[in-house]
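K.L.:
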Amino acid sequence: MKIFTQIVSSDSMSFPSNLLSLKLTFDDRKRARLKSVSECGQTVGIQIERGIILRDNMYLKSDDGQILKILASNESVSSAHVHNATLFARACYHLGNRHVPLQIGVNFLRYQYDSVLDEMLQQLGVDVIHENAPFEPEGGAYSVAHAHHHSPSHA
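The numbering of the sequence shown is my numbering, which starts it at 38 and goes up by one.
1. Kindly list the residues whose CB is nearer than 7 Å to the CB of V137, restricted to its own chain and excluding five residues on each side of it in sequence; keep chain order.
2. Ordered along the chain, which non-local residues of its own chain (more than five positions away) have a Cβ less than 7 Å from that of M157?
3. Would you mind sorting S54 into buried or exposed? The rule is 16 or more other CB atoms within 10 Å of its CB.
4. Short of 6 Å in beta carbon distance, which residues of its chain neighbour Q84, apart from the five on each side in sequence? Order them along the chain.
5. Only counting the same chain, and skipping five residues up and downstream in sequence, which positions put a Cβ closer than 6 Å to that of V45?
6. Please state the DSSP three-state secondary structure of E175.
7. For the beta strand (DSSP E) that E156 lies in, which residues bound it at each end?
8. From the DSSP output, in three-state form, read off R66 for me.
9. Taking L57 as part of the beta strand (DSSP E), name the residues at either end of that continuous run.
10. Between the C-alpha atoms of F125 and Q140, what's the straight-line distance to the nearest angstrom?
11. Using the beta-carbon count (16 or more within 10 Å), is E175 buried or exposed?
12. Over what stretch of residues does the alpha helix (DSSP H) that includes N134 continue unbroken?
13. Within the continuous beta strand (DSSP E) that includes S54, where are the two ends?
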């Protein structure tokens, strides 16, 4: 089993012909240690620093140079398309107040399926649908994976 331990930037690499890919749910992409099977059937392991969330189209490297592309797999989610800015803000506020991982896009929000949260949003007047879709929530203000590095001139 190949073990992937290093996160690499797609900007700094050429894509090898033996690139492996692995589809993972959001819950699996939060794990620091994981054993799974790649899209081509090869058993792979991931061992990364705790607190890092693997994102869709992120790349990992093994000690022997093999590259693994992480893909967000479809999972059971609740989605709401909201075109009223005030209602959209209220929905995001109430979900955020409950510390729910939340994907926010232009006029839509998405979270992992939860019937209680669906009912809460419906009581606010938000139409919620269930679907299978990739889930890429916001990283949060203090997220390790989305930390921004600025040059000293931005201090």
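In this text, a Cβ means the ideal position worked out from N, Cα and C, and glycines have one as well.
P.N.:
Straight from the coordinates:
1. Y148 and L154
2. H131
3. exposed
4. I40, T42 and R70
5. Y96 and K98
6. coil
7. It is not in any beta strand (DSSP E) - E156 instead sits in the alpha helix (DSSP H) that spans S152 to L161.
8. helix
9. L57 to L61
10. 13 Å
11. exposed
12. A122 to N134
13. Note, S54: premise wrong, no beta strand (DSSP E); not H, not E.
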